[in-house]
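Encoded as structure tokens, the structure appears first; notes follow it.
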Amino acid sequence: MTESPLMPEQQGQIVAVAMDMARDGRTADLVEFLDHGFPLDQQDPAGNTLVMLAAYHGHLDTVTTLVDRGADVDRRNDRDQSPVAGAMFKGEDEVVKVLVAAGADLDAGSPTARATAQLFGQQHLIDGEDRP
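Residues 1 to 132 in the working numbering are what the sequence shown spells out, letter by letter.
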């Protein structure tokens, strides 16, 4: 295996830039990173992935693109939070629908997406209905 020519600090900076792209919904820029070999399921120091940050911040196009590229929709962060529960908590209904359609585990993490849906009266999102 070839060793990376980047220093650990530089690698950390690249991860931070990519995570900011996901957080900000800069899909085209993020796709360019991915096309040049950035790992789809890379985690930041807090265990967040690109799909976690895009979902939590409600960036539907970014989430859809990441899901279409095969992102792990169930990878939880270091606080045991899942992307679908984060999107549910933030009221990002369309993002939740994309993650559910991609097979997100509604019982993973703490709190689970099911518990979050119940708490916020959003059960219809995980039951596949359009309206409560």
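Think of the CB as a built atom: it goes at the ideal place given N, C-alpha and C, for glycine as much as any other residue.
Just so it is clear, the structure is predicted and the values come from calculations on it, not from any experiment.
* N-terminal and C-terminal residue of the alpha helix (DSSP H) that residue 114 is part of -> Counting along the chain, the alpha helix (DSSP H) containing residue 114 begins and ends at 113-119.
* Jot down the residue ranges of each uninterrupted beta strand (DSSP E) in the segment 16-66, minimum 3 residues, whole runs only, in chain order. => Listed in chain order, there is nothing to give.
* 7 Å Cβ cutoff met for residue 99 and residue 73 -> Yes, the Cβ-Cβ distance between residue 99 and residue 73 is below 7 Å.
* Asked: Under the three-state reduction of DSSP, which class applies to residue 1: helix, strand or coil?
  -> A caution first: residue 1 carries a pLDDT of 43, below 50, which makes its placement in the model unreliable, though a value can still be read off. DSSP places residue 1 outside both helix and strand once states are collapsed to three, so it counts as coil.
* With DSSP collapsed to three states, give me the class of residue 88. => Residue state, collapsed to three classes: helix.
* Could you name the residues of the same chain whose beta carbon sits closer than 8 Å to that of residue 61, not counting the 5 residues immediately before and after it, in chain order? => For residue 61, where only same-chain residues beyond five positions count, the Cβ hits under 8 Å are 25, 27.
* Asked: Quick one: what's got a C-beta closer than 7 Å to residue 114's C-beta in the same chain, skipping five residues either side?
  -> Setting aside the 5 residues that flank it on each side, residue 114 is surrounded in the same chain by 106, 107, 126, each with a C-beta closer than 7 Å to its C-beta; the list follows chain order.
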